[in-house]
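> My questions all concern the structure below.
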Amino acid sequence: MTAPKADDPVIDTNEWTLCAQRYKDVIAKTTLFATTTLVDKLHAITPFTPTSSTIDIGCGTGSLTVSIHKKCNATKILATDIAEGMLAEVDKLHLPNVSTKQVDGATLAGIESDTFTHGVASFTINFFPEPIHAVQSLHRVVKPNGLVGIAIWGERVEWTEAIGIAAKKLIPTYHFTTPESPAAWHSERDHRAALESVGLKEVQTELVRMPLAVENADQIVDYVFRGGNPVMLHALKDFAAAGGDVAELEPVYAGVVRDMYPEGAVYADAVLGWGRKPEGET
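Heads up, the sequence shown is in our numbering, so the first residue is 61 and it goes up one at a time.
Written out as structure tokens, the structure reads:
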């Protein structure tokens, strides 16, 4: 399979770099259950061993990489991301047998085909202009009989949904959008179809629910409005572009969150999917 052409990123790379530390403190902790579950599923099929090798695309601050390293600290992992700040967070961990590289996850340009026993990605391909390109690229770089495992954001992300609810209280005609690609998918059915479409076999999927890693509603508000997450920044800028006042939106958002989630427990769906590259395919 040839590498797909490069795509312009949906979110500027610099924005991910700037938010890396807060991302690690909140979102990486939030997604840990899902990434650990995905690693467990892959390890049960083809274990991570001293002779295996893994590429992690859009590695962020290293949630998947760390989970794999815990399974076998002698396995080789190449953690890749387009944002230097995210890779810097992984480098700070000083994990043996883990290397980092700045790579476009959509194309994996410069990465040879049929190289790795495992190819993984978590909560990143939703933001690629053509998410299927990342699936195609992972299929390309894993060896025949290798595994591909991908976690994506599901259909519900309650802390961002609450932005839309609050915004409509101020601008009833406002239409809430996120910076996800229009080509992204969010259901188990569509995730399975995407993995199968590139040639993966024995595909399985699983839906999991993840609570946001905060202690109360005030921390939710603080992260959304001051956490620097590019997804939140996009939503707030979009509201401002529609004529809204972000300073006015914050207390309304806080009220929505407290009414809907009085204990500060807001959730997001994650869809996990994994499959095997058949023998004889390249």
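For glycine and all other residues, C-beta sits at the position ideal for the given N, C-alpha and C. Since the structure is predicted, the reported quantities are computational estimates derived from the model, not experimental observations.
Quick check on the burial criterion: 16 or more other C-beta atoms within 10 angstroms. Buried or exposed for Arg286?
Within the sequence shown, the letter at position 226 stands for residue 286. Flag for Arg286 reads exposed.
> Determine the direct distance from the alpha carbon of Ser247 to that of Glu323, and round the result to whole angstroms.
The residue given as residue 323 occupies position 263 in the sequence shown. The residue given as residue 247 occupies position 187 in the sequence shown. Taking the straight line from one Cα to the other gives about 27 Å.
> Assess, as a yes-or-no matter, whether the segment 290-308 is touched by the segment 164-173 under the definition of 3 or more beta carbon pairs within less than 8 Å.
Not touching, per the Cβ criterion.
> Does the segment 202-217 come close enough to the segment 138-153 that 3 or more CB-CB pairs lie under 8 Å?
As far as the Cβ criterion goes, the segment 138-153 does not touch the segment 202-217, which means the pair count is below three.
> Along the alpha helix (DSSP H) that carries Ala148, what are the first and last residues, could you check?
Within the sequence shown, numbered from 1, the residue matching residue 148 stands at position 88. Its alpha helix (DSSP H) spans residues 144-151.
> Compare the Cα-Cα distances from Val291 to each of Pro239, Trp334, Tyr321, Val326 and report the closest residue.
Here the question's residue 291 lines up with position 231 in the sequence shown. Among Pro239, Trp334, Tyr321, Val326, the Cα nearest to that of Val291 belongs to Pro239.
> Cutting at 8 Å between CB atoms, please list the residues of its own chain near Thr90, excluding the five before and the five after it.
Indexing the sequence shown from 1 puts residue 90 at position 30. Excluding sequence neighbours, Thr90 sits near Met270, Pro271, Leu272, Ala273, Ala328.
> According to DSSP, is Ala300 part of a helix, a strand, or is it coil?
Counting from one through the sequence shown, the residue named residue 300 turns up at place 240. Correct three-state label for Ala300: helix.
> For Gly224, name the three-state secondary structure that DSSP assigns.
By 1-based counting over the sequence shown, the position of residue 224 is 164. Of the three classes helix, strand and coil, the one that applies to Gly224 here is helix, per DSSP.
> Ordered along the chain, which non-local residues of its own chain (more than five positions away) have a Cβ less than 7 Å from that of Lys261?
As a position in the sequence shown, residue 261 is number 201, starting the count at 1. Here the set comprises Gly335, Arg336, Pro338.
> Using the Cα positions of Lys229 and Ala244, report the straight-line distance between them to the nearest angstrom.
Mapped onto the sequence shown, residue 229 falls at position 169. Mapped onto the sequence shown, residue 244 falls at position 184. For Lys229 and Ala244, the distance between alpha carbons rounds to 28 Å.
> Can you name, in chain order, every residue of its own chain whose Cβ lies under 6 Å from the Cβ of Ala314, other than the five neighbours on each side?
Within the sequence shown, numbered from 1, the residue matching residue 314 stands at position 254. Correct list, in chain order: Val281.
> Taking the alpha-carbon positions, what's the Ser123 to Ala88 distance?
Position 63 of the sequence shown, counting from 1, holds the residue named residue 123. Position 28 of the sequence shown, counting from 1, holds the residue named residue 88. Approximately 6 Å, taken between the alpha carbons.
> Quick one: what's got a C-beta closer than 6 Å to Val120's C-beta in the same chain, skipping five residues either side?
Walking along the sequence shown from the start, residue 120 turns up at place 60. Contrary to the premise, residue 120 reads as Gly rather than Val in this sequence. Met146.
> Go to Val284, then tell me how far its alpha helix (DSSP H) extends in each direction, as first and last residue.
As a first step, residue 284 must be located in the sequence shown, where it is residue number 224. Looking at the DSSP string, the run of the alpha helix (DSSP H) that includes Val284 is 277-286.
> Here's the rule I'm using: 16 or more other beta-carbon atoms within 10 Å means buried, otherwise exposed. How should Arg249 be labelled?
The residue labelled residue 249 in the question sits at position 189 within the sequence shown. The residue in question, Arg249, is exposed, as its Cβ has fewer than 16 Cβ neighbours within 10 Å.
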